[in-house]
DNA sequence: TATGGAAATGAAAATCATTTTCATTTCTGC
DNA sequence: GCAGAAATGAAAATGATTTTCATTTCCATA
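Chains as they are written, first to last, in this note's numbering: chain A, 1 to 121; chain B, 1001 to 1121.
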C-alpha cells in the first residue's frame, strides 16, 4: 500500500544525494510538475517508512532525504566562498562501521564534512 | 563576553544528560526560578558557541544540549531513541587533514556523525 | 457503463520550536 | 549619580512540518 507519488521518488533520484522536502517541491515546480507540498511530505515520509530513502537532519533542523544504497560521497566546503568539492569517504566508512559495531548499532549510516579555506580565499 | 545566564548552565547540570531549551525552561519554572524563554535560548546558544555544551538534534527536530567533556569527539546517535554516545574520532582526524591538504585547504575543521539503531531500539 | 467506497490530493489552517524585535531593566566604569 | 552598554523577556515573526477537510481520482464489481 504505497502512498508515495512516483514523481517524488523520481525527483529525488534526479536531485542526486540529499534533498529536503522543500527542495524536492521546488525542483518539481521548476520542472513544471504540478504537485502539492503536502503530497511531497507524505510521499517522502512513506518512502522513509518503506526504507526506500534515508532521513537525516540538517543542522538547521530541516529533514533531508536520500535514496538508500546510493553511492555516497562527502564534501570539502570552503568557509569563504562556499564552494564544495566532492571527496571520497575513504577511512571514514570503516571507522563508522567499526564504531557502530562496537556499540551494537544496526542499520548504520554516517555523515561527515570537512570545512576550511580554499586556495582562492 | 559571556551572554550566558549562569542559572541556565546550572539547570543543565542538574538535568544530567541531554535537555532541550524548552525542557530547561520548564525545569527552571518548576524550580521557581524566574527566567524568560528567550534568555534560555540565548544562553544555551552562547554555551554552545563557547563549546561548553554539545548540541544535537532529536528526531522530532528539537535541539538538545548537554555539557561536554573537553576532548574532541564525535557522536553515535540512535535514530530510534535519540540517545547519543560520544566516540573518539580515530581515523577521521587524519582523513580530514589529508583531504584538505590534497585540495590546498587551510584552517580546517570537520564534523562527523554516525547514526543507526541502538540495541534497545 | 454506472456506482459506491477507498485512496490520493492539495489548499488552507494549525502547530511548534526557534528567532527577531524592541522596550525596559540592570550593570559598569567614571 | 549618571551615561552608555549589556542583559532581559514579552510579544510578534519565521519557517518547516502536520493536520484538516473537501474534492478528485481509481478501481472493483454489479
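Backbone N, C-alpha and C define an ideal beta-carbon position, used for all residues, glycine too.
Residue 110 (chain A) carries a strand assignment under DSSP once its states are collapsed to helix, strand and coil. Per DSSP, residue 1054 (chain B) is not a residue of any alpha helix (DSSP H); the beta strand (DSSP E) it occupies stretches across 1053 to 1057. Flagged as an interface residue toward chain B: residue 103 (chain A), by a C-beta distance shorter than 8 Å. Apart from the 5 residues on each side of it in sequence, residue 1008 (chain B) sits with its Cβ closer than 7 Å to the Cβ of 1024, 1040, 1043, 1044 in its chain, given in chain order.
Look at the beta carbons and you see the stretch 82 to 102 of chain A not touching the stretch 49 to 63 of chain A: under three pairs across the two are nearer than 8 Å.
Counted as a single uninterrupted DSSP element, the stretch harbouring residue 1031 (chain B) is not any alpha helix (DSSP H), since DSSP gives it neither H nor E.
Residue 62 (chain A) carries a coil assignment under DSSP once its states are collapsed to helix, strand and coil. In this structure, A:109 is the residue among A:78, A:109, A:117, A:59 with its C-alpha nearest to the C-alpha of residue 1115 (chain B). Ranked by how close their Cα comes to the Cα of residue 1060 (chain B), the residues B:1037, B:1020, B:1096 have B:1020 in first place.
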